[in-house]
Amino acid sequence: MSAKLILVRHGETEGNVAKILDTKLPGLPLTERGVAQAKAFGSALTAPPRALFHSRALRARQTAGYIEAATGVTATERDGVHEVQLGALDGLNTKEAHDRFQAVYRLWHEGRLDERIDGGETAQEVLDRFVPAVTELRTEFLDGNDSGDVLVVTHGAAMRLVGRFLAGVAPPFTTNNHLDNTETIELVPRPDGGWECVRWGRFTPPFGVKAEVGADDPMG
């Protein structure tokens, strides 16, 4: 199989435990459990990645640091791959805030990319910063390369949105199947310039598994 772009959700944070919508940079740190998850992820890799990147968020940098320690591959910060910015909802953990975010997030996955989170980003704005970063990594490391995956430690809501539109994975699978901490979305470059999703968290294609909305932490 061709080398993959592996989007990795960071380890558990204090915000995840408290169900806080934590999007402003640099954000909250990993918990002890999050540290253990990051260490376990790095140790479980069957081969070191060709390159390792992380967003500007503290939790992503910490997670990547433990993967670096396990693999010996230097972790590098990458612009554009941070979490969806939620504006007025940032820092809240109320049911009303989560419901508001989920309602807009579902609209994004249905193609309404100009809907805006109160004072935050539209889906189009997220894609406009995230997709170019992915494209640059593809050009630099993946096209024409048959070995050595590229790992990017990023965030749940942003990576699900990118996986949905880059690889054509459709809702309601994409909106209902959240990603646990250190779970991955794995993308393989196609010869036509597109991407094929070969893993979404616990699932592999075809992506038709149903899940309950709100089954776990939706973002971060």
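Under the numbering used here, the first residue of the sequence shown carries the number 109, and numbering increases by one thereafter.
Idealized CB from N, CA, C, for every residue including glycine.
For this session: If I'm right that H263 touches A165 with Cβ under 8 angstroms, what's the distance once you round it to whole angstroms?
Result: Cβ atoms of H263 and A165 come within 8 angstroms of each other, at about 7 angstroms.
Exercise. Which residues in the same chain have their Cβ closer than 8 angstroms to the Cβ of G271, if we skip the five residues on either side of it in sequence?
Worked result: For G271, where only same-chain residues beyond five positions count, the Cβ hits under 8 angstroms are L115, V277, T282, I293, L295, C305 and W308.
Exercise. So what does A183 bridge to, in DSSP terms?
Worked result: In the DSSP output, where bridge partners are listed per residue, A183 has L160.
Exercise. Between the C-alpha atoms of W216 and P157, what's the straight-line distance to the nearest angstrom?
Worked result: Each residue's Cα considered, the two are about 31 angstroms apart.
Exercise. Start and end of the beta strand (DSSP E) containing T292?
Worked result: Note, T292: beta strand (DSSP E), T292 to P297.
For this session: Measuring alpha carbon to alpha carbon, tell me which of A265, G199, K127 and E223 ends up nearest N284.
Result: When only C-alpha atoms are compared, the closest one is A265.
Exercise. Run through DSSP, which three-state label would F311 get?
Worked result: Secondary structure of F311 (DSSP, three-state): strand.
For this session: Kindly indicate which residue of R224, S255, V261 and V260 has the alpha-carbon position closest to the one of L197.
Result: Proximity to L197 across R224, S255, V261 and V260 peaks at R224, based on C-alpha coordinates.
Exercise. Which partner residues does I114 have in the DSSP bridge list?
Worked result: DSSP output for I114 lists L259 and E294 as bridge partner(s).
Exercise. What does a CB cutoff of less than 6 angstroms around R68 pick up in its chain, not counting 5 residues either side in sequence?
Worked result: Summary: the structure shown does not reach residue 68, with the chain confined to residues 109 through 328, and so no result is reported for it.
Problem set entry | Buried or exposed by the 16-neighbour rule on C-beta atoms within 10 Å, applied to S255 | Under this definition S255 is an exposed residue.
Exercise. Taking the runs of the beta strand (DSSP E) that are 3 residues or longer, which of them lie wholly in the stretch 192 to 280?
Worked result: Qualifying beta strand (DSSP E) stretches, in chain order: 258 to 262.
Exercise. If you check the beta carbons only, do G343 and A241 fall under 9 angstroms apart?
Worked result: Here the chain covers residues 109 to 328 and nothing more, so residue 343 does not appear.
Exercise. So what does DSSP say about V189, is it helix, strand or coil?
Worked result: Correct three-state label for V189: coil.
Problem set entry | N- and C-terminal bounds of the alpha helix (DSSP H) containing G150 | Boundaries of the alpha helix (DSSP H) harbouring G150: E140 to A152, taken from the DSSP string.
Problem set entry | Other residues of its chain near V261: CB distance less than 6 angstroms, five sequence neighbours each side excluded | These residues qualify, in order along the chain: V116, H118, H162, A168, T171 and A172.
Exercise. Under the three-state reduction of DSSP, which class applies to E120: helix, strand or coil?
Worked result: The three-state reading of DSSP puts E120 in coil, since its state is none of H, G, I, E or B.
For this session: List the whole-angstrom C-beta distance separating V234 from V192, where the pair is believed to meet the contact cut-off of C-beta under 8 angstroms.
Result: The beta-carbon separation of V234 and V192, rounded to 5 angstroms, stays under the 8 angstroms limit for a contact.
Problem set entry | Same chain only: Cβ atoms within 7 angstroms of F311, ignoring 5 sequence neighbours per side | Excluding sequence neighbours, F311 sits near N285 and V317.
Exercise. For the putative contact between P297 and L250, defined by C-beta atoms under 8 angstroms, what is the C-beta separation to the nearest angstrom?
Worked result: That pair is a contact at about 5 angstroms.
Problem set entry | Residues near T139 in its chain [Cβ-Cβ closer than 7 angstroms; skip 5 each side] | E120, T121, E122 and V125.
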